[in-house]
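Participant:
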Amino acid sequence: MSGQKCPKCAKLTFFIKGVEGKCNECGYKMSVPPNDGKGGKGGKCPFCGKYRVFSGICSECGAK
Numbered sequence: 001m002s003g004q005k006c007p008k009c010a011k012l013t014f015f016i017k018g019v020e021g022k023c024n025e026c027g028y029k030m031s032v033p034p035n036d037g038k039g040g041k042g043g044k045c046p047f048c049g050k051y052r053v054f055s056g057i058c059s060e061c062g063a064k
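Residues 1 to 64 (the UniProt record's numbering) are what the sequence shown spells out, left to right.
1) I need the DSSP call for CYS23, collapsed to helix, strand or coil.
2) Is the separation between the beta-carbon of LYS44 and that of GLU60 shorter than 8 Å?
3) Measuring alpha carbon to alpha carbon, tell me which of CYS58, LYS11, GLY18 and PHE47 ends up nearest CYS26.
4) Hey, could you find the ends of the beta strand (DSSP E) CYS51 is sitting in?
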């Protein structure tokens, strides 16, 4: 399974879990704001109970 393109090494090994992204190849880390930085509270996730559901996916636990 390939991830997104890493901004540092340009390989498809960048994965986002919750609000933090990490490259498995070079170890690059970055914080990814919920809702792509647009702001807002989001919907409540039925699994983790946090208000982080944007576009049907929880940015905290990854549930759909």
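No residue lacks a Cβ here, since even glycine has one placed at the ideal position from N, Cα and C.
Facilitator: According to the structure shown:
1) strand
2) no
3) LYS11
4) Position check: residue 51 holds Tyr in this sequence, whereas Cys was assumed. Element bounds for TYR51: 51-54.
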